[in-house]
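Participant:
In the numbering used here, the protein residues as written are 75 to 647.
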């Protein structure tokens, strides 16, 4: 995935930072790749050119900032000091200073010529998602998951003012060309325009229906462009607050899946902020659960099958009544996206893992947080209870798996061996083995009595996102960025089947209660059901799309991009 793009000052070169750990430089005129900059050991989240356009910087999940030669692609310097993912980087207008914002809650200022650390700006209470210098270079703005915008004196590092008003994380900040106005984009679906000198909110722009990840002023300064998870790009006249244009992007996709204990119902979560319940036998969507305000990252059934839990990028967990579709409780406490949620076997406790680097344990009956487990140094991707409910496993971007004593909150073991972020964990039914999968393209099996890796399963040729045990513990399923589901023999480590059919990455896998069916959720907007024994696809579940079966053959006036979008939304041509 491309995480960030930036133009050089002359507009002739484009830099992109990607999940493949590289920075690429592209010639705008013909789209040719000029250089591939290698050196980062994890995802690159942000790139920025200096004003002269001859050097650029990048921030990464490997906690570093790198300075690159824009002509040769060589790494000139590596800036170390952050203890969390570096989400945003920016050059000052004279190119002498660079700023970086990190998940460690800080903004750091660096000397661009020497690579030396200058100062650290502290005050945010959650990860810093965006940084930007004012046009005169005297002020630095930062947006954070703590819902605030802070303005800093770039010379002293002191906080000049704090802007409050957003009700979710602030993911992007940008100064107008005249330096008088600051724009901020947030997870609350709004853009706010602030008077830089007074801190007063001048306007709030409404229209997006999902989180806003990027805002930028046009060079002429009269328009503002915003990019959102609602899959649109909107162009605004920020003087009047009027939306001038909306460009529709791609369609929603499916992420997590889970079977009910009796195998009759399947739950799926989506980027359209909903949870869908499916009748397994009829293939019919029996309920759509609305309430989340950002995409759903994880779903899980209680052991009695009466309740489903969902976690979201809106920083909440919701508990739903399966029969009525009613939202029973909303659990608040996490301060960042919640990637994983799971019930204990007795259904009394719920565990959640979040990008705020914590694991939380919740009383399912009251909705109260009973414990917060701290120790991971980066975002937590997955949590899983042992079958007896006494141990919890969590996986992390820091390449480790941690085992926790649920009753005391003590970290019992840290399992190390993966070469990249660990995306998913699962206990075997007898709690003797833990499976984990990683963006290092492997699945590992761990002996829980020793904490040692007993088997290394290779076969996927891209990131592995999800892993699950069959109810008898003899089989493992894994879903990958390579668009396949693989079925593995636990005793031998051999791959029994490779299930093909998805046309985009597979982000979630789950077994039915009898172990005969594997469900997989994918970014191709489908849930597929597979026969565990044969690896054959039995069913494809797809939510109705907006323009399903609409015939656009012969329709005039549509651009190729519009035609492609309509086809993704179900139209035929």
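Cβ atoms here follow ideal geometry from the backbone N, Cα and C, with glycine treated the same way. Keep in mind that this is a model prediction, so the values were computed, not measured.
Going by DSSP in three states, residue 16 sits in which element: helix, strand or coil?
Facilitator: Nothing can be reported for residue 16, as the shown portion of the chain is limited to 75 through 647.
Participant: Figure out for me which residue from 587, 540, 304, 254 has the closest Cα to the Cα of residue 379.
Facilitator: Minimum Cα distance to residue 379 is reached at 587.
Participant: Buried or exposed: which applies to residue 406, given that a residue is buried once 16 or more other Cβ atoms fall within 10 Å of its Cβ?
Facilitator: Counting Cβ neighbours within 10 Å, residue 406 comes out exposed, since fewer than 16 surround it.
Participant: Exposed or buried, what is residue 629 when buried is set at 16 or more other beta-carbons lying within 10 Å of its beta-carbon?
Facilitator: Exposed, because fewer than 16 other Cβ atoms sit within 10 Å of the Cβ of residue 629.
Participant: Any idea what DSSP makes of residue 240, helix, strand or coil?
Facilitator: Correct three-state label for residue 240: coil.
Participant: Evaluate the contact criterion for the stretch 99-109 versus the stretch 453-467: three or more CB pairs, one atom per stretch, below 8 Å.
Facilitator: These segments do not touch.
Participant: As an exercise, report each continuous beta strand (DSSP E) stretch of at least 3 residues that is fully enclosed by the stretch 309-362, in chain order.
Facilitator: The qualifying runs are 316-322, 328-333, 339-344, 349-353.
Participant: Drop a sphere of 10 angstroms on the beta-carbon of residue 238, count the other beta-carbons inside from all chains shown, and report buried for 16 or more, exposed for fewer.
Facilitator: Classification for residue 238: exposed.
Participant: I believe residue 84 touches residue 147 by the beta-carbon criterion, under 8 Å. Please report the beta-carbon distance rounded to the nearest angstrom.
Facilitator: Contact doesn't hold; Cβ gap of about 18 Å is too wide.
Participant: Quick check on residue 560: buried or exposed, where buried means 16 or more other Cβ atoms within 10 Å of its Cβ?
Facilitator: By the neighbour-count rule (16 or more Cβ atoms within 10 Å), residue 560 is buried.
Participant: List in chain order: all unbroken beta strand (DSSP E) runs of 3+ residues lying wholly within the stretch 538-571.
Facilitator: Here the runs fully enclosed are 538-543, 549-554, 559-563.
Participant: Mark residue 631 as exposed unless 16 or more other C-beta atoms lie within 10 angstroms of its C-beta, in which case mark it buried.
Facilitator: So residue 631 counts as exposed.
Participant: What does the alpha-carbon distance come out to for the pair residue 625 and residue 643?
Facilitator: So the two alpha carbons sit approximately 12 Å from each other.
Participant: Out of 199, 207, 403, 154, state which residue places its alpha-carbon closest to the alpha-carbon of residue 172.
Facilitator: Of the listed residues, the one whose Cα sits closest to residue 172 is 207.
Participant: Spell out the partners DSSP gives residue 119 in its beta bridges.
Facilitator: Note: residue 119 sits in no beta bridge, so no partner.
Participant: So residue 504 and residue 540 are supposed to be a Cβ contact under 8 Å. How far apart are they, rounded?
Facilitator: Not confirmed; about 21 Å, so no contact.
Participant: If you draw a straight line from the C-alpha of residue 602 to the C-alpha of residue 404, how long is it?
Facilitator: Distance between the alpha carbons of residue 602 and residue 404 is about 30 Å.
Participant: Could you compute how far the alpha carbon of residue 514 sits from the alpha carbon of residue 473?
Facilitator: Distance between the alpha carbons of residue 514 and residue 473: 9 Å.
Participant: Return yes when the Cβ of residue 178 is within less than 7 Å of the Cβ of residue 156, no when it is not.
Facilitator: Yes; because the gap between Cβ atoms is below 7 Å, this pair is in contact.
Participant: Give a yes or no on whether the C-beta atoms belonging to residue 604 and residue 569 are separated by under 7 Å.
Facilitator: It is not a contact, given that the beta carbons lie outside the stated cut-off.
Participant: I'd like the ranges of any beta strand (DSSP E) spanning at least 3 consecutive residues and lying wholly in the stretch 75-121.
Facilitator: 76-81, 87-92, 97-101, 106-111, all fully within the stretch 75-121.
Participant: Answer yes or no: do residue 259 and residue 299 have a C-beta to C-beta separation smaller than 7 Å?
Facilitator: No, Cβ-Cβ distance for residue 259 and residue 299 is not below 7 Å.
Participant: Should residue 565 be labelled buried (16 or more other beta-carbon atoms within 10 Å of its own) or exposed?
Facilitator: Residue 565 should be labelled exposed.
Participant: By DSSP's criteria, residue 289 is part of a beta bridge. Which residues make up the other side?
Facilitator: Residue 289 pairs with 300.
Participant: Mapping the DSSP letters down to three states, classify residue 490 as helix, strand or coil.
Facilitator: Three-state result, residue 490: strand.
Participant: Find out if the Cβ-Cβ distance for the pair residue 611, residue 567 is shorter than 7 Å.
Facilitator: Contact flag unset, no.
Participant: I'd like the span of the beta strand (DSSP E) that includes residue 645, first residue to last.
Facilitator: Neither: residue 645 is in no beta strand (DSSP E) and is coded neither H nor E.
Participant: With 16 as the cutoff for other CB atoms within 10 Å, does residue 81 come out buried or exposed?
Facilitator: Label assigned to residue 81: exposed.
Participant: Who are the Cβ neighbours of residue 309 in its own chain at under 6 Å, not counting the five residues just before and after it?
Facilitator: Answer for residue 309: 297, 299, 318, 319, listed in chain order.
Participant: Just how far apart, CA to CA, sit residue 323 and residue 281?
Facilitator: Confidence is the limiting factor: at residue 323 the pLDDT is only 49, short of 50, which leaves the residue's position unreliable, though a coordinate-based value still follows. Approximately 15 Å, taken between the alpha carbons.
Participant: Assign residue 330 to buried or exposed, taking buried as 16 or more other Cβ atoms, counted over all protein chains shown, within 10 Å of its Cβ.
Facilitator: Buried.
Participant: Quick check: what's the CA-CA separation for residue 134 versus residue 243?
Facilitator: About 20 Å.
Participant: How big is the Cα-Cα spacing for residue 374 and residue 233?
Facilitator: The straight-line gap from Cα to Cα measures roughly 42 Å.
Participant: Thinking C-alpha only, which one of 627, 493, 210 is nearest residue 254?
Facilitator: It is 210.
Participant: Since residue 508 and residue 475 should fall inside the 8 Å C-beta cutoff, what is the C-beta to C-beta distance between them, to a whole number of angstroms?
Facilitator: Going by Cβ atoms, the distance from residue 508 to residue 475 rounds to 7 Å, so yes, they are a contact pair.
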